[in-house]
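Step one of this worksheet: look at the structure below.
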Amino acid sequence: MVAATPILLAALGELVVERAGVLNLGVEGMMIVGAICGFAAAVETGSPVLGFAAAALGGAALSLVFGVLTQFLLSNQVATGLALTLFGLGLSALLGQGYVGVKPPATARLDLGPLGDLPFVGRVIFGHDWVVYLSLALTVAIWWFLTRSRAGLRLRAVGESHDAAHALGLRVRATRMAAIAFGGAMAGLGGAYLSLVRVPQWTEGMTAGAGWIALAIVVFASWRAGGVLIGAYLFGGVTILQLNLQAAGAAIPVEYLSMSPYLITIAVLVLISARGNRRTLGAPADLGRQFHATR
Amino acid sequence: MIGLRKRPEPSRAWAWATPVLAVALTLLAGGAMFAALGTDPVAAIRTIFYDPLFDPQFAAYSRPQLLVKAAPLILIATGLAIGFRAGIWNIGAEGQYIMGAIAGAAAGLALYPVESRAIFPLMIVAGAIGGWAWAMIPAILKTRFNTNEILVSLLLVYVAESLLASMAVGPLRNPEGGGFPGSRNLARWDASANPELIAGTGMHWGVVAAMIAVIYAYILLNRHITGFHIRLAGQAPRAARFAGVRPNRMIVFCLGLSGALAGLAGIFEVTGPAGQISIDFNVGYGFTAIIVAFLGRLNPLGIALAGLLMALTYIGGELASFTLGIPVAAIQAFQGMLLFFLLAVDVLTNYRIRFGREVAA
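For the record, the sequence lines run as chains A and B.
Numbered according to numbering that gives the first Met the number 0, the first sequence spans residues 0 to 294.
Numbered according to numbering that gives the first Met the number 0, the second sequence spans residues 0 to 360.
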């Protein structure tokens, strides 16, 4: 569960962004900036909670750069997303200079009382920190928001056909900017989970492709919240299995084991994509398209 | 109220002016960043952009470095730009670069210690094939299974990095290296070395290859039917299909070409400036080349200029970290910023800015 949570958080954010019709390839950049913002804030204040809050803010701030560029200056979303990743990697390395080798304050495990004492199940399901449960709650909340709420309906309308949504008087840009900021905050949280809980330390480039895997998981999930949950936990399972095999001293060299999560992600992408075209997969129709109201 | 109106045609003047404007804005923002880091912004910018070229103390060393650093960037960016023009996003050039280096080095090391003039060309061919083959994975998955090439090519970068690590400690390790990871030094083995062709210029075979690639790409894009098809496929995919462009062949061609060029860059680098296969001999050229491609407006000649400029930021950045204590990471942030500004001011090419409220037409 610990391996899956950062990717779950980032992928949930990206899910909302893509449902609003925006393809933000900067997840990796926002995650790593979140990782260092969260780490720095947690170390300076001694409070992991403030760290996570700072990470969400940092991720959102960075994503707003993407938002302004793509929504107001009409830049290419693919290129801008990549720029965001490249910039984020540089910026985080810069900010993280003084934090290499520092230990962050521990994030408290949530004490669920007697539940945690249950044999086996207790440790696996009830023995985690609060962020894990937050991520699960957010999955449900986002599912509810997207499928059951009026605001979610509007957001999906903007993603499916911005022109129609605009004609109906929905505010396309504002909706997309909000979605982008939310996606950034979620990616930031995911990054902070990596640096504060998963690894507990700061190293340059520590996200190591987690942001890209989050993007792949959104495709895997056919743009559904439940699918994102399954995808993230499948990936988390593979990562843990691979690490356990390494620890157990399996006959396969470490390098081959550590590339397996990426290979499996690719294999899953192939399986999913082979099933059909964009439409049947459930991708929002206006995903990645520029919106410019010509009134 | 500031509004945007679409120009009937992209402005040619702005298409040339925007990269310059973006560089200027980056200098301003970069200066602010350096000031925030506590260094004198004027001195920092001067050290990065002026000293490597004109300072009597450093220029003798850094001027040749310019070509050394620019060559791989130009090679990779040229290939990427052709794909980007066609709307094919190969983001995994870093992986293809690594695989080219591994394949080429393996081909050479298998023949060690034979001394033959044929070995270097053989390694170059193997390097190009290595990069090409690695790019074929996203290409085939895309054409067969409609898999997103952006994600696959990118995830393959991490696979290639792991493979590189396993090669450096495994099959390609120098048996005389005392157990340290890393291969034999290819630059010191005459048959495989990629030396400076003209002393003091930094010009090695990779630079020659980059020049050829730029010229060939220019001809391809501007004077050849394939280039027309590439542009058509990028601008109007449906029209391209009616014009007889087969999207799958286009994907295979563009990804293969950019993969092969990235692979070439890899093998030239590993036989020359880097010298050996080591766990982290790759330094992100594959990613920086994306910036170079955009900065050069996806135009081969522009890319050559952009590659030189980007090489300057690398060299100047090293110099600045060495003389002024600016962290090297600042340069990466600086380069990312450049791409941001470039994309931001691009709006001027395609849109006219209108001030005041528009009268509804």
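Note that beta-carbon positions come from the ideal geometry of N, C-alpha and C, so glycine has one too.
Quick one: grab the DSSP three-state call for MET202 (chain B). Taking the first residue of the second sequence as position 1, residue 202 (chain B) is located at position 203. In the structure shown, MET202 (chain B) sits in a strand (DSSP, three-state: E or B).
Does DSSP classify ILE136 (chain B) as helix, strand or coil? Counting from 1 along the second sequence, the entry for residue 136 (chain B) is found at position 137. Helix, per DSSP.
Using a beta-carbon distance below 8 angstroms, is ILE6 (chain A) in contact with chain B? Position 7 of the first sequence holds residue 6 (chain A). It does not; no Cβ of chain B falls within 8 angstroms.
Unbroken alpha helix (DSSP H) runs of length 4 or more, entirely within the region 32–69 of chain A: which are they? 47–66
For TYR157 (chain B), which of A:THR206, A:ILE6 and A:LEU228 has the nearest alpha-carbon? In the second sequence, the residue the question calls residue 157 (chain B) occupies position 158. Taking only the C-alpha atoms, the option nearest TYR157 (chain B) is A:THR206.
Closer than 9 angstroms at the beta carbon, the chain B residues around LEU233 (chain A): Position 234 of the first sequence, counted from the first residue, corresponds to residue 233 (chain A). The contacting residues do not exist; LEU233 (chain A) stays about 15 angstroms from chain B at best.
Less than 6 angstroms between C-beta atoms, sequence neighbours within five positions excluded: which residues of the same chain meet that for SER46 (chain A)? As a working mapping, residue 46 (chain A) is identified with position 47 in the first sequence. Counting only Cβ-Cβ distances below 6 angstroms, and skipping sequence neighbours, we find nothing.
Where does ALA117 (chain B) sit, in a helix, a strand or coil, going by DSSP? Numbered from 1 along the second sequence, position 118 holds the residue referred to as residue 117 (chain B). It is coil, neither helix nor strand.
Is there a C-beta anywhere in chain A that falls below 8 angstroms from the one on VAL358 (chain B)? As a working note, residue 358 (chain B) is residue 359 in the second sequence. For VAL358 (chain B), the pLDDT reaches just 45, beneath the cut-off of 50, and the residue's location in the model is therefore unreliable, although a value from the coordinates is still provided. No, no contact with chain A.
Proximal chain A residues relative to ALA313 (chain B), where beta-carbon distance stays under 8 angstroms: Numbered from its first residue, the second sequence carries residue 313 (chain B) at position 314. The sequence given here places Tyr at residue 313 (chain B); Ala does not occur at that position. Those within 8 angstroms of TYR313 (chain B) in chain A number zero; the least Cβ separation is about 13 angstroms.
DSSP state of GLU17 (chain A) mapped onto helix, strand, coil: Numbered from 1 along the first sequence, position 18 holds the residue referred to as residue 17 (chain A). Reduced to three states, the DSSP call for GLU17 (chain A) is helix.
Under a three-way DSSP split, which group does THR146 (chain A) fall into? As a first step, residue 146 (chain A) must be located in the first sequence, where it is residue number 147. Of the three classes helix, strand and coil, the one that applies to THR146 (chain A) here is helix, per DSSP.
Express the C-alpha separation of VAL67 (chain B) and PRO272 (chain B) in angstroms, rounding to a whole number. Here residue 272 (chain B) is taken as the residue at index 273 of the second sequence, counted from 1. Here residue 67 (chain B) is taken as the residue at index 68 of the second sequence, counted from 1. Cα to Cα, the separation comes out at about 7 angstroms.
Could you spell out the range, first to last residue, of the alpha helix (DSSP H) harbouring PHE321 (chain B)? Working through the second sequence from its first residue, we reach residue 321 (chain B) at position 322. Per DSSP, PHE321 (chain B) belongs to the alpha helix (DSSP H) from 299–322.
Consult DSSP for GLN334 (chain B) and reduce its assignment to one of helix, strand or coil. Counting from 1 along the second sequence, the entry for residue 334 (chain B) is found at position 335. Helix at GLN334 (chain B).
Would DSSP call MET205 (chain A) helix, strand or coil? For the purposes of this step, residue 205 (chain A) is identified with residue 206 of the first sequence, where counting begins at 1. Here MET205 (chain A) carries a coil assignment [DSSP, helix/strand/coil].
Quick one: what's got a C-beta closer than 7 angstroms to ALA53 (chain A)'s C-beta in the same chain, skipping five residues either side? Translated into positions along the first sequence, residue 53 (chain A) becomes position 54. Around ALA53 (chain A): CYS36, GLY37 and ALA40.
Name, please, each residue of chain B whose Cβ falls closer than 7 angstroms to the Cβ of TRP211 (chain A). Counting from one through the first sequence, the residue named residue 211 (chain A) turns up at place 212. Chain B residues near TRP211 (chain A): LEU150, LEU153 and LEU154.
Within the chosen definition, does the region 8–27 of chain A reach the region 162–182 of chain A through at least 3 CB pairs nearer than 8 angstroms? yes
Using the beta-carbon count (16 or more within 10 Å), is ALA47 (chain B) buried or exposed? Stepping through the second sequence from its first residue, residue 47 (chain B) is reached at position 48. Reading the sequence as shown, one finds Ile at residue 47 (chain B) and not Ala. By the neighbour-count rule (16 or more Cβ atoms within 10 Å), ILE47 (chain B) is buried.
DSSP three-state call for ASP345 (chain B): helix, strand or coil? Within the second sequence, the letter at position 346 stands for residue 345 (chain B). Looking at ASP345 (chain B) - three-state DSSP - the assignment turns out to be coil, as it is neither helix nor strand.
Please classify SER91 (chain A): is it buried, with 16 or more other beta-carbons within 10 angstroms of its beta-carbon, or exposed? Against the first sequence, residue 91 (chain A) aligns to sequence position 92. Buried, because 16 or more other Cβ atoms sit within 10 Å of the Cβ of SER91 (chain A).
How would you label LEU155 (chain B), buried or exposed, when you count the other beta carbons within 10 angstroms and need 16 or more for buried? Translated into positions along the second sequence, residue 155 (chain B) becomes position 156. So LEU155 (chain B) counts as buried.
Starting from the beta carbon of THR77 (chain B), find every residue of chain A whose beta carbon is closer than 8 angstroms, and list them in chain order. Stepping through the second sequence from its first residue, residue 77 (chain B) is reached at position 78. Result: empty, since nearest Cβ-Cβ is about 17 angstroms, beyond 8 angstroms.
Chain E within 8 angstroms of VAL218 (chain A), Cβ atoms only: The structure shown contains no chain E; its protein chains are A and B.
Three or more C-beta pairs under 8 angstroms: does that hold for the region 57–66 of chain A against the region 218–234 of chain A? no
If you count every other CB in all the chains shown that lies within 10 Å of the CB of ILE224 (chain B), and 16 or more means buried, which is it? As a working mapping, residue 224 (chain B) is identified with position 225 in the second sequence. With fewer than 16 other Cβ atoms within 10 Å, it is exposed.
Within chain A, the residues that GLY30 (chain B) reaches when beta carbons sit closer than 8 angstroms: Translated into the one-based positions of the second sequence, residue 30 (chain B) becomes position 31. For the C-beta of GLY30 (chain B), not a single chain A residue is nearer than 8 angstroms; the gap to the nearest is close to 15 angstroms.
Within chain B, partners of ILE239 (chain A) - CB distance below 9 angstroms: Within the first sequence, residue 239 (chain A) is the residue found at index 240, counting from 1. In chain order: nothing, as chain B lies at least about 18 angstroms away.
Helix, strand or coil: how does DSSP classify ASP54 (chain B) here? Here residue 54 (chain B) refers to the residue found at position 55 of the second sequence. ASP54 (chain B): coil per DSSP, three-state reduction.
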